[in-house]
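Data first, discussion second: the structure below is written as structure tokens.
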Amino acid sequence: MTITTSPDENDVNKADDSDTKQASASASEVTPLLAASPVATTADSNVASAVAGEDESLLPKPDEKELPKLQILLLCYARLIEPIAFFSIFPYINQMVQENGQLDEADVGFYAGLIESNFSLVQMLVMMFWGRAADRWGRKPVLVASLIGLSISTSLFGLSRTIWQMNLLRSLAGVFAGTIVTIRTMISEHSTARTQAQAFSWFAFSGNLGIFIGPLIGGALADPAHQYPRAFGGVRFFEEYPYMLSSIVTGCIGLTAALTSALLIEETLKKDKRSNPNPNSTNADDDSEATAGAPRPSSPSTLDLLKAPGVKIVLYNYAHVMLLGFAYTAIVPVFWFTNVQLGGFGFTPLQISLLLGLTGLSQAIWLLLIFPPLTNRLGTNGVLRAAGTAYPFFMVIMPFMNLILYQGTHAAETAFWVLMPILLVLGSGVSIAFTGVQLALNDVSPSPETLGTLNAMALTVASGLRAFCPALFTSLFAVSVKKQLLWGYLVWLVLAIMAVGFTISTRFLPPTSEKGYERVAAESEREGDE
Numbered sequence: 089m090t091i092t093t094s095p096d097e098n099d100v101n102k103a104d105d106s107d108t109k110q111a112s113a114s115a116s117e118v119t120p121l122l123a124a125s126p127v128a129t130t131a132d133s134n135v136a137s138a139v140a141g142e143d144e145s146l147l148p149k150p151d152e153k154e155l156p157k158l159q160i161l162l163l164c165y166a167r168l169i170e171p172i173a174f175f176s177i178f179p180y181i182n183q184m185v186q187e188n189g190q191l192d193e194a195d196v197g198f199y200a201g202l203i204e205s206n207f208s209l210v211q212m213l214v215m216m217f218w219g220r221a222a223d224r225w226g227r228k229p230v231l232v233a234s235l236i237g238l239s240i241s242t243s244l245f246g247l248s249r250t251i252w253q254m255n256l257l258r259s260l261a262g263v264f265a266g267t268i269v270t271i272r273t274m275i276s277e278h279s280t281a282r283t284q285a286q287a288f289s290w291f292a293f294s295g296n297l298g299i300f301i302g303p304l305i306g307g308a309l310a311d312p313a314h315q316y317p318r319a320f321g322g323v324r325f326f327e328e329y330p331y332m333l334s335s336i337v338t339g340c341i342g343l344t345a346a347l348t349s350a351l352l353i354e355e356t357l358k359k360d361k362r363s364n365p366n367p368n369s370t371n372a373d374d375d376s377e378a379t380a381g382a383p384r385p386s387s388p389s390t391l392d393l394l395k396a397p398g399v400k401i402v403l404y405n406y407a408h409v410m411l412l413g414f415a416y417t418a419i420v421p422v423f424w425f426t427n428v429q430l431g432g433f434g435f436t437p438l439q440i441s442l443l444l445g446l447t448g449l450s451q452a453i454w455l456l457l458i459f460p461p462l463t464n465r466l467g468t469n470g471v472l473r474a475a476g477t478a479y480p481f482f483m484v485i486m487p488f489m490n491l492i493l494y495q496g497t498h499a500a501e502t503a504f505w506v507l508m509p510i511l512l513v514l515g516s517g518v519s520i521a522f523t524g525v526q527l528a529l530n531d532v533s534p535s536p537e538t539l540g541t542l543n544a545m546a547l548t549v550a551s552g553l554r555a556f557c558p559a560l561f562t563s564l565f566a567v568s569v570k571k572q573l574l575w576g577y578l579v580w581l582v583l584a585i586m587a588v589g590f591t592i593s594t595r596f597l598p599p600t601s602e603k604g605y606e607r608v609a610a611e612s613e614r615e616g617d618e
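Start counting the sequence shown at 89; every next residue gets the next number (my numbering).
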């Protein structure tokens, strides 16, 4: 769920003519990424004379290349497939595990969490492979191949009749779930410094849309022979494989994305020109070509990047909020499936899918309509601190709602169904923290060239957390429910304490994402030069 959002236009400052000499210096370690333009090279004599005293800007003009909207739209459609494949099994995974493994209800959570974890664990292990393959063979073929593999493996998941088969096919789906790395790269290569925030906001929205669509598909199409007896009743195949229809539909959506990617998406990997074939070129052109053909400076190591000011605390906050998000996402489906007497809601797969869909839709609305103006008013750090303050309260909503249902009266049930959707929509506002930490990651990057490395580090951390969180927290939930620790609410107490930790950690965010930081930094730089 890691997403970015559009910065305020005031954050993208242009240097005045009188300040161009100061702005031409290389970006410092605290220079905001989105506020700094690439520094012009000083290869030719004209630029050298400007440095000597002419009042001319060393900065190139802003790249006026427009965002290729069709390409971004197609890439966002391809982005939908991974969250749809991941979340589509959530409404029925507990019931499927119980039926395939003949398990007690209290033991369902552990095996369901293990199966969910396999997807992300394998994804983490193969992420670097997909990245290297995209660099070597091109973005487009890797994207298409991974989409086809993900679609086929997801379609086969519904044929599982045992828990080990479920684990195997879920792991196979994880092998081909490297699409997010390739799509991130392609969107970056289609974007400029001026348009990347807009592009990545839609990238993030498409991820949330996938979270909305996936559970709806899973819940609405699970066990069609019983849900829709008029259409599927008596169909032996769907009676023997009750979860196959959901898997097939998910796989077919993936194949449509593979088809549109193969036919319409443009390759973004460009080959560097190593020599100038035109013998009549000017000296300046020769110097430019020589510069292009020269080996690029080596990127800073991961350790060097971690030592940059503010990077460690931002990565920590990134990991902390992802931990909260993954833990909550893993626990909620099994909590909603568990009966009221054991501390859950006793929902059907369809009810689970509808409320998960409402959660995803609410997050998308918060992202597109509320987050941008809120960021303009409070700054990225202000938004993160607001979300951090709200997070502990959000975590105690579920046990509170169980207490209402536990009363067992008609009035209590009515109150539950009135309050539950409202609290879910409002509580989903904490998800803007996922967008905020991505923007903070952009801001703290020492230079534009290190942003890719920072994102790779963050994605690796996120995949690792998503690999282990489902098994860890669903196991904790299973123990909490089976032994009725703190009336079955122990896991929610743990999550609330973790949320308080995030509330505290947001107070230590670096100033690079504070409201008005770029203006203050520019004024300080001018005062220092004077």
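C-beta: ideal position from N, C-alpha, C; glycine also. Quick caveat, the model's predicted, so the values are computed rather than measured.
Between the segment 298-306 and the segment 246-261, the count of C-beta pairs closer than 8 Å stays below three; the two stretches do not touch. Look at the beta carbons and you see the segment 223-242 not touching the segment 596-605: under three pairs across the two are nearer than 8 Å. Fully contained in the segment 388-446 are the following alpha helix (DSSP H) runs of length 4 or more, in chain order: 390-395, 399-425. With fewer than 16 other Cβ atoms from the protein chains shown falling within 10 Å of its own Cβ, Y494 counts as exposed.
The Cβ atoms of S205 and A503 lie no closer than 9 Å to each other. Secondary structure of T600 (DSSP, three-state): helix. A direct Cα-Cα distance of roughly 18 Å separates T436 from L333.
By the C-beta criterion, the segment 234-244 is judged not to be in contact with the segment 288-297, since fewer than 3 inter-stretch pairs fall below 8 Å.
Counted as a single uninterrupted DSSP element, the alpha helix (DSSP H) harbouring V532 occupies residues 520-532. Residue state for E187 is assigned as helix, using DSSP reduced to three classes. Runs of the alpha helix (DSSP H) lying entirely within the segment 231-295, each at least 4 residues long, are 251-263, 267-278 in chain order. With respect to F178, G306 sits close: the two C-beta atoms are nearer than 9 Å. In this structure, the CA atom of G552 is about 44 Å from the CA atom of H498. In the DSSP annotation of this structure, the continuous segment of the alpha helix (DSSP H) that includes L493 starts and ends at 485-494. Residue burial is scored here from C-beta neighbours: D531 has at least 16 other C-beta atoms within 10 angstroms and is therefore classed as buried.
If you compare the alpha carbons of P487, E354, F459, Y329 with that of A292, the shortest gap goes to F459. The closest CA to that of S259, considering only G476, E277, Q211, is found on Q211. Distances from the alpha-carbon of I453 to those of T523, A313, A478 put T523 closest. Close CB contacts of T356 within its chain, under the 7 Å cut and outside five residues either way in sequence, are with R227, M274, E277, H278 (chain order).
Closest in alpha carbon position to A474, among G515, L511, I492, is G515.
The distance from the Cβ of A310 to that of Y180 is about 4 Å, consistent with a contact at the 8 Å cut-off. Here DSSP, grouped into helix, strand and coil, assigns G321 to coil. According to the DSSP assignment, F178 belongs to no alpha helix (DSSP H), since it is labelled neither H nor E. Of the candidates F175, L213, A222, W218, F175 places its Cα closest to the Cα of G201.
Between A222 and V269, the C-beta spacing is below 9 Å. For A194, there is no enclosing alpha helix (DSSP H), as DSSP gives it neither H nor E.
Cβ contact annotation for V196 (same chain, cutoff 6 Å, sequence separation greater than five): N182, V185, Q186, in chain order. Under the three-state reduction of DSSP output, E355 falls in the coil class, being neither helix nor strand. The residue among N490, F590, A584, Y199 with its C-alpha nearest the C-alpha of F482 is A584. By the 16-neighbour rule on beta-carbons within 10 angstroms, I160 is buried. Just so you know, the alpha carbons of M586 and S441 end up roughly 27 Å apart. Cβ-Cβ distances below 7 Å link V409 to A521, F522, V525, F590 in the same chain, with the five nearest sequence neighbours on each side left out; the list follows chain order.
Within its own chain, the residues whose Cβ lies closer than 8 Å to the Cβ of L507, once the five positions on either side in sequence are excluded, are M489, I492, listed in chain order. In this structure R220 is exposed. Its beta-carbon is surrounded by fewer than 16 other beta-carbon atoms within 10 angstroms.
Take E327, set aside five residues on each side of it, and the residues of its chain with a beta-carbon closer than 6 Å to its own are A313, in chain order.
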